[in-house]
Structures are given as C-alpha cells and as structure tokens.
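Every number in my numbering is 77 more than the matching position in the sequence shown, counting from 1. In what follows, a single structure is set out as structure tokens and then discussed.
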Amino acid sequence: MNLTKTLKATVAAAALAMTAMPASAANIAVIAGSIEDGFFNLIKKGVDDATLMVEANGGSVNYLRTPNYDNFGPDLVNLINQAVAQGVDGIAIPVWVPEAQVPALQAAAEKGITIMMYNSGQDVKEDVQGVNYFGSDEFVAGKAGGAYMAEQGAKKILCHIHTPGAVNHESRCAGVQEGGTEGGAEVIILRTPANLDGDITGTAESIKSELVADETIDAVISLAAWSADASTNAVAQIGAGDRVMVGSFDLSESALSRIQAGSQKMAIDQQPYLQGFLATSMLAAHLDFGTELATDPVLTGPAIVDASNIESALAGVSKGAR
C-alpha cells in the first residue's frame, strides 16, 4: 500500500466534498403579511417549493406572518426582531410601512444579516442594503390598470384602498390615478378602515355607498382578490352591472370565473408564487454560494388578465400558484 498516494487521495476527496457543499448552509426567515390574507397562501407556496431546495443544501427557512393588519408596522418590527434573535443569516421581506420597518432592517443589516426584498419596498432597497427586489412595480401596475379601464370607456374610476397607509397600496392607487387621468378619466380614492380587511360584507357596503352617492362612477378597481368579491357584490346589489366595470389586483378562482362570465373586466397579476419562490431561493443561494442576478429589480408583473387570456391563468390558479 502506498501511504503517500492514499493520503493524497483522501485530501483530494475532502477538498472535493468541501467545494460541493457550502461551508455553512443558510438559515433564513421569510416575513409575510397577515395569516388572514389569502394572497400570502400563494406567496407561501412559492416559499415552500423553494424551501425544498434550501433544505437540500442543509439550510432552513422560517416563514413568519403577522396576525392581522390592525397593528401592522409594530407587528412587522416584532417579526424582524424575532428573526434577528433567532440568529438568522438572512431575511426576505416586503416593506409596507417604511417608517417602522426601515430602522429595524437597518439594525439587522448592521449585525451582518442579509436582506432580500420582495412584493413591496423597491424604493427603500438601498436604504436597508437589500440584495435585490422580486415583485411588481406597484405604481406601474396601477398606471396600467387605470389606463386599461380608461381605454375600455371608463370616465370616473373609484380606486379602493383597504389598508390605508400601506406604501404598496397607496402606490397602486396613485398609479391608477395617473393612468386613468392620462386616458381621460377622473379617478377618486376610497380608503376603508384596516379593520375591514377581509370583511367582504362590510367592504361591499362601503363601496355601495359610494356608488349610490355618485352615479357617475363607472369603474371600480380593488387592490386584492377578496375586495374584488366585495366590489362585484356592491355593484350587483344596486343593479349597476351594466354601468360599473370592476377590475382588481391579484387573481382568484372567483375573480377569474367572473372575467369568464363578463361580470369582472380584468385583474392585474403580480405572480406572488414567483415572488415567494425567487426571494427565498435567491437569498439562500446568495448566502450559500455568493450568487447574484444581473437583473435588479426582477419584476414579476404587472400582467393584465382579461377575457383574451383567461384560460392559461385559470390553469395556474387551479394549482394554487396564481
């Protein structure tokens, strides 16, 4: 037996093993919105699929959600602090409440924690030393929606914000306002209390009151799939289906069924599955392997779904990914 050759082979095998696996696998936290918000079930599917890849490389993912939106900013800060206390290597997070979240994320970054952005907060990515952003440009998406409704003949568009002050929602309606105005339509904004979030009946009553008070409103754009249910209920309750077009952000089986039936005009898709999948997998890969994408930001939307492309969208929704 040649001891020298055996020793060299052992060293070579050890070196190969070290290059095949990261020295220390990524332990990351993904922070998301309310457990009562069905939109984040789509985000979670993307996170869950990416987690399989992270775990295959020896890492872990902790998915953290706020209980609701009643105390949104402080709840998000608590989750950031919880992730820091757990000793994570990275945090994937949207920034919805910058005044609360940015200082907490800056403190996390100062401790060496890597920040990846998704869904909201593109404008503050540099402030928190974020690596990249995966999501839609909310203002651009809103502008596309407002322009679309104006092109379809809307003259007065109601944009409904169900979480007032949330930067992504405010940006959406600001975009609707610009896109609609440029298309010759007037745009007004309705902000309902955050405690009505997810309350289809209460939200429908608020929208119905606006439609009854102002019969010149001929289009409503809601910022979530569930609030599109509320909008169409409000329109149906006052028999205004021929007068008021309904559009929404995000997809659901009910929204797409209405588009098929003609009772909803369109929905703006931001592909939340991709946001969760890419933010999770790219954060772990960056930590484990030092990889970075040349594209920054990575935009997952907007894409307008209407009668012309409804079938492919329905296929994705049936699988829980759109």
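Note that CB positions come from ideal geometry on N, CA and C, so glycine has one too. In this text the structure is predicted, and so the values were computed from the model without any measurement.
{"Item": "Sheet register partners of SER137 (DSSP bridge)", "Value": "ASN104"}
{"Item": "Between the CA atoms of GLU255 and PHE216 - distance to the nearest angstrom", "Value": "9 Å"}
{"Item": "Beta-bridge partners of HIS237, as assigned by DSSP", "Value": "LEU267, SER299"}
{"Item": "SER213 - DSSP class collapsed to helix/strand/coil", "Value": "strand"}
{"Item": "For PRO270 and PRO241, the rounded distance between their alpha carbons", "Value": "7 Å"}
{"Item": "Residue environment, SER389, which counts as buried when at least 16 other CB atoms sit within 10 Å", "Value": "exposed"}
{"Item": "Top-ranked residue by Cα proximity to ALA224, from GLU263, HIS239, GLY110", "Value": "GLU263"}
{"Item": "Local conformation of GLY397 per DSSP, three classes", "Value": "coil"}
{"Item": "DSSP-derived helix/strand/coil call for ILE192", "Value": "strand"}
{"Item": "Three-state secondary structure (DSSP) of ASP125", "Value": "helix"}
{"Item": "Alpha carbon of LEU355 to alpha carbon of ALA127, nearest angstrom", "Value": "8 Å"}
{"Item": "Where GLY324 sits in the DSSP three-state scheme", "Value": "strand"}
{"Item": "LYS342, buried or exposed, once every other Cβ within 10 Å from all chains shown has been counted against 16", "Value": "buried"}
{"Item": "Run of the beta strand (DSSP E) containing ALA169, from where it starts to where it stops", "Value": "167 to 170"}
{"Item": "Per DSSP, cross-strand counterpart(s) of ILE294", "Value": "The partner list for ILE294 (beta bridge, DSSP) is empty, contrary to what the question assumes."}
{"Item": "Nonlocal neighbours in the same chain, by C-beta distance under 7 Å from ASN272, ignoring five residues either side", "Value": "ASP147"}
{"Item": "Proximity to ARG142 [Cα-Cα], best of SER248, ALA186, LYS202, VAL124", "Value": "VAL124"}
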